[in-house]
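Using this note's numbering, read the sequence shown as starting at 32 and increasing by one per residue.
All C-beta atoms in this analysis are idealised placements derived from N, C-alpha and C, irrespective of residue type, glycine included.
Nothing here was measured: the structure is a model prediction, and the numbers come from that model.
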Amino acid sequence: MLIPIAALLLAAADPTAPASPASPSQPAAAAPAVAPAAKAENKNEVICWYEAPVGTHFKQKMCATRAQLDAQRRNAADYMSRTPMAGRSAQ
Numbered sequence: 032m033l034i035p036i037a038a039l040l041l042a043a044a045d046p047t048a049p050a051s052p053a054s055p056s057q058p059a060a061a062a063p064a065v066a067p068a069a070k071a072e073n074k075n076e077v078i079c080w081y082e083a084p085v086g087t088h089f090k091q092k093m094c095a096t097r098a099q100l101d102a103q104r105r106n107a108a109d110y111m112s113r114t115p116m117a118g119r120s121a122q
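Below, the structure written as structure tokens:
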């Protein structure tokens, strides 16, 4: 019973709120008007991950460039849009 109450009290407390309200003579810190520019993606960046092939629990390290991964995603989406699904009539 104490854990849910403690969780509610912690959720209600706002740690970002100032302890005392800002006086009119001190302007509040303004947030930046423009967000920093997003980091441009490098298409030649190599990305690695671990994947267990079908039929085994042993993971293997797989690597590909962003361009290769994007091409695989486009090909998979194209294939799925062209392949009729079970229960649907071919158009």
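Close Cβ partners of residue i (< 6 Å) along its chain, the five nearest in sequence each way excluded
i           : result
residue 76  : 97
residue 94  : 77, 79
residue 107 : none
residue 90  : 81, 83
residue 74  : 97, 98
8 Å Cβ shell around residue i - same chain, five flanking residues per side excluded
i           : result
residue 100 : 78
Same chain, Cβ closer than 7 Å to residue i, five either side skipped, listed in chain order
i          : result
residue 92 : 79, 81
residue 72 : 97
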